[in-house]
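Notes to accompany the following structure.
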Amino acid sequence: MTTEVHIGARFTATLLRVLIPVTLALVVGGLILLALGKDPLGYYGYVLERSLLRWGGAQETLTRMAPLLLIAAGLIVAFRAGIWNLGGDGQFLLAAVASAALAPVLGGILPRGPTLVVCMLVGGLVGTLWSLLPALLKARYGVNEIITTLMMSFLGTSLANVLIKLVLRDLNTTVPQTRSLAVDDRLPRLFGTTIHCGLLLAILAVILVHLMMTRTAFGLRLQILGANRAAAVHAGLRVERLTIAVFAISAGLIGLAGAVEVLGVWGTVRADWNPALGLLVVPLVFLARFNGYAVIGFTLFFSALMVGGESAARRVGVPQHYVLVLVALLLLFLALVEYLDQSRRKSVAN
Amino acid sequence: MTIEATQAGRGAVVALRHVTKHFPGIVALDRVSLDFHPGEIHVLLGENGAGKSTLVSLLAGMQRPDEGEILVRGNPTVIDSPRRSMDLGIGTVFQRVLLVPSLTVIENLMLGGSWLRLLARAAARSRFDELSALLGTRIDADAPVSGLSLGEQQQVEIMRALWRDEKLLLLDEPTSMLTPQGVADLGRMMRRLKEKGVALILITHKLLEAFEFGDRISVLRLGRLAGEIEPQRLQAMSESQRTETVIHMMFGAGGDATPLQGHEQELAILLGRKLRRASAVDHRKPAALVVQDLATAPDFAETPLHEVSFEVWPGEVLGIAGVDGNGQKHLAEVLAGQRPVRHGRIDLTGLDITRGHVPERRQRGIRYVTDDRLGEGTVGTFSVATNLVLKEIGAPPYWWHGISDWTLIHRNAREQILRNDIRTPSELTPVGKLSGGNVQKVLLARELDAEASVAVLNKPTYGLDLHNQRLALDRIVAAAARGIAVIVISTDLDELLEISDRIGVMFQGRLRGIVGNDDAAADQIRRLMTGAAAA
């Protein structure tokens, strides 16, 4: 067996392992719609048309990808290192609030470019800070980070709300929100589209993270930490430091996602705003098996579903969150195909 | 043989009939027929890879034969799960202790019960007393398992195996981790069970044990039944006749002239005989490693070190004997830099390295081959290539400013695979898929490299078959001959007597004494192992 054939076969197998579940999810999702007395083809048609075929929709889809990709990058670092940072929502939201509050103030002193850069850095830093406590607890005492990050996430979203209402509120609006950043002061758009340059940043981040994990000593150390902690100790890795570094990078990237979303799209944060993207991205990262390139594809798919799903749901008359049903089905079928593939290989081996 | 087996099949509790089991690329068992009779200790001898483990897993219900059948009391029976195996009265004691350390003895024994029923303590207690009487053991039912010695834990394992019913007891290499006293206790227990009419299967690769305990000896070789010695014949034979017969079966020699040629070393392990080796100690040089008054902090369920002092010279093999769990793990880890020093001092050729961590010590030539090969020595899901450089991450030439040179890492792995005869489909194969012997070759290749000056090896032959034990010992001796100061920690006294220049004995975290490896060494060591003061 030559290497090329081997790689070709593996690529086909990987593609099938993705395409089969996607098809199954769409078919079963369609059957559910049918059972509800709705038109599945109509629904999918609308989704496709609204999110990808129309230029406006496509732009929206791509814009929607930016925060998802940055969060995915953050989660890939953590998950590959065996650290389950599920506190993305708190990290995201606090970073968003911090950069939203800072940008209009800073904009009065600094030019647009430096303002945006500083705000993004602050966003990343705030995300990192919010993961510090779980990081230290994990590194020093081995406290389960799933619990601590989730708890910090609840605290973070509440704190963001309180900060807007009590401290950072723009008194000129009736709804509690931060001071709005003028559209011209937001992240620059790409080539006359409505897509902001945060998308490029996000794609770059995902690719860099992927390369870091697969091509560098640091990435390999993190992977060892994730695969076998005892081996990491045995090999002399500084487990405590690495653990803290993972939290810092992961939460920093998620914080950056919050900053980019605010600086690129909304320009302000309302007290009741919480897109809860942190947990939405978790299944995507699993679908992509922590692979940076694959996650770009899944994010596009999900983003399109989100953008198209909203209006399609309205037109077909199903709940707006029907998209989540599709994602759930996708996860289910992915796991199923994986399981069948494993047991088939086992029986072949026997 | 087939005819014999069929005839004898009548009285057997459990019998195998032409059982065949394939695994990818190998025939683990090839038309094997065996009978296990009540009131008889049936010894299965054979190297690892001869099919013993497969046989265990078939009887324990973890695997099913591809061909042939298993008869239970004469009826063809499908054993499709461990639970079914236990229901049929087949109890298995595996090589590793499979008890929950934090639970008490009686709780561990009750674990297998139906989960629909409430925990029936009174019934469990009476069964426990019954088995204690049967086995002649005196274990406290309410003691936590973590506080028991390995021998006692094994007794609990035997109780669990007999918990449901006492028809057939299968013991897989039960003596490998026991002290001489523990082996004697086990022997007494087996005889009691035999008198009660239990059929026992004793799996071992030690000839002397086979002769001491066995009523009937069957030899497996490359998945086939290479021969069987019936009780009457066995009794009629002299010791040397038995040895000769069994060795003919094991190594398949033609029966004439020199059947043992080329197998002297395997035989040495088999018979517990000692082979001398020429010492390579260089006392003109300063000691490679000086340990003074070393102590470690206690850790959960582990024995810490107290006042451990010794020296090792370049080219010397210092054996560390002792019953498992007497501080050996801490000693290995503290030398490797994996565990902090609480008190005392470690010098490496005159340089104080007491505070150094793993990377610093490794850079100065200290190497550590752990006994937990898959648990911490390697990352099972990572490739052989990655595992070969696991302790070099970030260092040139495989990393250049932190960027991995995978081409070089893979080329290095291919060279190492050739040089060390590591049997793997490729350098990209996950190391967890290799056999134990080959995983150990990966570790030895990684640790006994050209830059090593002090090597600590914890149980380097544990769980390996004779051939791989031999290879590992050879590599260790060769490393010493290159001038490396070698510390070998082992619970197998025979192998220590074979390769060591001096042997130290650990007892309750202390080094009870170091004896020169002369003819009186074995007796002295055995005395020290029980905690007696140095003579």
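Those sequence lines, one after another, are chains H and R.
Okay, so the first sequence: first residue is 5 according to our numbering, each after it adds one.
Okay, so the second sequence: first residue is 1208 according to our numbering, each after it adds one.
Where a beta carbon is used, it is the ideal one built from N, C-alpha and C, also for glycine.
The structure displayed is predicted, hence computed values, not measured ones.
R/Asp1554 - containing alpha helix (DSSP H), residue span: In the DSSP assignment, R/Asp1554 falls outside any alpha helix (DSSP H) and lies within the beta strand (DSSP E) extending over His1550 to Leu1555.
Cβ of R/Glu1658 within 7 Å of any chain H Cβ: It does not: the Cβ of R/Glu1658 has no partner Cβ on chain H nearer than 7 Å.
Can you list, in chain order, the residues of its chain with a C-beta nearer than 8 Å to that of H/Tyr343? Leave out the 5 residues immediately preceding and following it. Excluding sequence positions up to five before and after H/Tyr343, its CB lies less than 8 Å from no other CB in the same chain.
Just curious, the alpha helix (DSSP H) that R/Met1293 is in, first and last residue? Where R/Met1293 is concerned, the enclosing alpha helix (DSSP H) stretches over Pro1289 to Asp1294.
Just confirm the distance between the C-beta atoms of R/Val1649 and R/Asn1594, as a whole number of angstroms; I'd bet it's less than 8 Å. Distance from R/Val1649 to R/Asn1594 at the Cβ level is roughly 6 Å; contact confirmed, criterion being Cβ atoms closer than 8 Å.
Inter-residue Cα distance where the pair is H/Val130 and R/Val1530: The C-alpha of R/Val1530 is placed about 54 Å away from the C-alpha of H/Val130.
Relative to the C-alpha of H/Thr27, which residue among H/Tyr48, H/Lys42 and H/Thr272 is closest? In terms of Cα proximity to H/Thr27, the closest of H/Tyr48, H/Lys42 and H/Thr272 is H/Tyr48.
Can you tell me whether R/Thr1411 is buried or exposed? The criterion is at least 16 other CB atoms within 10 Å of its CB, across all chains shown. Result: buried.
Opposing strand residues paired with R/Tyr1575 [DSSP bridges]: The partner list for R/Tyr1575 (beta bridge, DSSP) reads R/Val1663.
Within 9 Å of chain H by C-beta, residues of the stretch 1611-1626 of chain R in sequence order: Listed by position along the chain: Ser1611 and Trp1613.
For H/Thr132, count neighbouring C-beta atoms within 10 Å of its own C-beta (all shown protein chains included) and say buried if the count is 16 or more, exposed if not. H/Thr132 sits buried, since 16 or more C-beta atoms from the chains shown fall within 10 Å of its C-beta.
Which whole-angstrom value describes the C-beta separation of R/Val1693 and R/Ala1685, a residue pair presumed to lie in contact below a C-beta threshold of 8 Å? The beta carbons of R/Val1693 and R/Ala1685 sit about 10 Å from each other, so the pair does not count as a contact at 8 Å.
Starting from the Cα of H/Leu30, find the closest Cα among H/Ser347, H/Leu205, H/Leu163 and H/Ala332 and give me that residue. Closest option to H/Leu30, Cα to Cα, is H/Ala332.
Identity of the residue in R/Thr1631, R/Ala1688, R/Thr1698 and R/Glu1654 nearest R/Gly1670 by Cα: Comparing Cα-Cα distances from R/Gly1670 to each of R/Thr1631, R/Ala1688, R/Thr1698 and R/Glu1654, the minimum goes to R/Thr1698.
Could you tell me the boundaries of the alpha helix (DSSP H) in which H/Pro108 lies? Its alpha helix (DSSP H) spans residues Gly92 to Gly111.
How big is the Cα-Cα spacing for H/Ala308 and H/Leu57? Each residue's Cα considered, the two are about 10 Å apart.
Using a Cβ-Cβ distance cut-off of 7 Å, determine whether H/Asn232 contacts chain R. Output row for H/Asn232: interface = yes.
Using the three-state DSSP reduction, which class does R/Ser1611 fall into: helix, strand or coil? Strand at R/Ser1611.
Burial state of R/Gly1462 (16 or more Cβ within 10 Å): Confidence in R/Gly1462 is poor, its pLDDT being 42 and thus under 50, which makes the residue's placement too unreliable to answer from.
Distance between R/Lys1403 and R/Thr1386 (C-alpha atoms, nearest Å): Rounded to whole angstroms, the separation of the alpha carbons of R/Lys1403 and R/Thr1386 is 26 Å.
Specify, as a first and last residue, the run of the beta strand (DSSP E) that R/Gln1499 falls within. Where R/Gln1499 is concerned, the enclosing beta strand (DSSP E) stretches over Leu1496 to Ala1502.
Members of the stretch 205-227 of chain H near chain R, C-beta cut-off 7 Å: Here the close residues are Arg219, Thr220, Ala221, Phe222, Leu224 and Arg225.
Could you name the residues of chain H that R/Val1586 contacts, counting a contact when the two beta carbons are closer than 7 Å? Here the neighbours are Ile228, Ala231, Asn232 and Ala235.
Report all residues from its chain with a CB closer than 6 Å to the CB of R/Asp1379; omit the five preceding and five following residues, and keep chain order. Within the same chain, Cβ atoms closer than 6 Å to the Cβ of R/Asp1379 are found at Val1263, Phe1301, Gln1302 and Ile1410, the five residues on either side in sequence being excluded.
Output, in chain order, the set of chain R residues within a Cβ distance shorter than 8 Å of H/Ala356. The requested residue 356 of chain H does not occur in the structure, where chain H is confined to residues 5 to 354.
Using a Cβ-Cβ distance cut-off of 7 Å, determine whether R/Glu1583 contacts chain H. So yes, R/Glu1583 belongs to the interface.
Quick one: give me the first and last residue of the alpha helix (DSSP H) that H/Val250 is part of. Taken as a continuous stretch (DSSP letters only), the alpha helix (DSSP H) holding H/Val250 covers Val243 to Glu265.
List, in chain order, every chain H residue whose beta-carbon is nearer than 9 Å to that of R/Gly1258. Near R/Gly1258 there are no residues of chain H at all, since even the closest Cβ is about 16 Å away, more than 9 Å.
Whole angstroms is fine: what's the gap from H/Gly46's alpha carbon to H/Leu284's? Rounded to whole angstroms, H/Gly46 to H/Leu284 spans 25 Å at the Cα level.
Would you give the residue range spanned by the alpha helix (DSSP H) that R/Val1390 belongs to? Annotation: the continuous alpha helix (DSSP H) that includes R/Val1390 extends over Pro1387 to Glu1402.
When DSSP labels each residue in this structure, what does R/Arg1677 get in the three-state scheme? Per DSSP, reduced to three states, the secondary structure at R/Arg1677 is helical.
Check whether the Cβ atoms of R/Gly1430 and R/Leu1376 lie closer than 7 Å to each other. Cβ atoms of R/Gly1430 and R/Leu1376: not closer than 7 Å.
Look at the alpha carbon of R/Asn1533 and the alpha carbon of R/Met1713, and state the distance between them as a whole number of angstroms. Going from the Cα of R/Asn1533 to the Cα of R/Met1713 covers about 6 Å.
Check each candidate in R/Leu1223, R/Ser1660, R/Ile1696 and R/Leu1236 and name the one with the smallest Cα separation from R/Gln1535. If we check each option's Cα against that of R/Gln1535, R/Ile1696 comes out closest.
Please confirm whether R/Trp1606 has its beta-carbon closer than 7 Å to some beta-carbon of chain H. Chain H, which has a Cβ nearer than 7 Å to the Cβ of R/Trp1606, makes this yes.
By Cβ distance below 7 Å, which residues in the same chain neighbour H/Ala76 in space, the five residues on each side in sequence not counted? Excluding positions up to five away in sequence, the list reads Val210, Val285, Leu288, Val289, Val299 and Thr303.
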